[in-house]
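Report on one structure; see the data block that follows.
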Amino acid sequence: MENTSENTLTSNSTSTKTNTKSTIIWDLGAVLIDWNPHHLYRKIFDDEAQMLHFLENVCTFEWNEEQDGGRTIQEANEYLIAKHPEHEEHIKAYYGRWEEMLGGPIEALSRSSGR
6 MENTSENTLT
16 SNSTSTKTNT
26 KSTIIWDLGA
36 VLIDWNPHHL
46 YRKIFDDEAQ
56 MLHFLENVCT
66 FEWNEEQDGG
76 RTIQEANEYL
86 IAKHPEHEEH
96 IKAYYGRWEE
106 MLGGPIEALS
116 RSSGR
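Here the numbering used here is used: the first residue of the sequence shown is 6, the next is one more, and so on.
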């Protein structure tokens, strides 16, 4: 009988571990986290107008959506670098330094959760 208890406990432990690792949250609308390329590119460009020009004409929202749709980052970078070789370093920063695009949790969410 003791063996059965141990097996049940082991089985429940494994099940619990599996369940805790299977949750994924997609924040596509920037509801939970303040994701904005401006956070990164303000560090790269000294001039706000140059930064806006780059984001509106080189690393555009539409270009980024192509990766969301399945295009690889390597393909995306190669495509833009071929079109805009003068911006190679800035293009590579888009995914190479993506963590710097995160500004933190959305303020309203922080207030509602008591943080």
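All C-beta atoms, glycine included, are put in the ideal place defined by N, C-alpha and C.
Fair warning: this is a prediction, and the values are worked out from it, not measured in the lab.
Note down the Cα distance separating L57 from H43, rounded to an integer number of angstroms. 8 Å
Assuming A87 contacts E71 (C-beta within less than 8 Å), just tell me the rounded distance between them. So it is not a contact: roughly 15 Å between Cβ atoms.
Beta carbon of D39, beta carbon of G108: below 8 Å? yes
For the candidate residues A54, L45, E53, F59, whose alpha-carbon lies nearest to that of H89? F59
Return yes when the Cβ of N41 is within less than 8 Å of the Cβ of M106, no when it is not. Yes, the pair counts as a contact, with Cβ atoms nearer than the cut-off.
When the Cα atoms are used, what is the spatial distance from I49 to N69? 19 Å
Taking all protein chains shown into account, decide if G78 is buried (16 or more other Cβ within 10 angstroms of its Cβ) or exposed. Looking at the sequence itself, residue 78 is Ile, so the reference to Gly does not match. Label assigned to I78: exposed.
Does G108 come out as helix, strand or coil in the three-state DSSP assignment? strand
Need the endpoints of the alpha helix (DSSP H) that D73 sits in, please. 66 to 73
Return the first residue and the last residue of the beta strand (DSSP E) that W40 is part of. Run containing W40: 38 to 40, per the beta strand (DSSP E) assignment.
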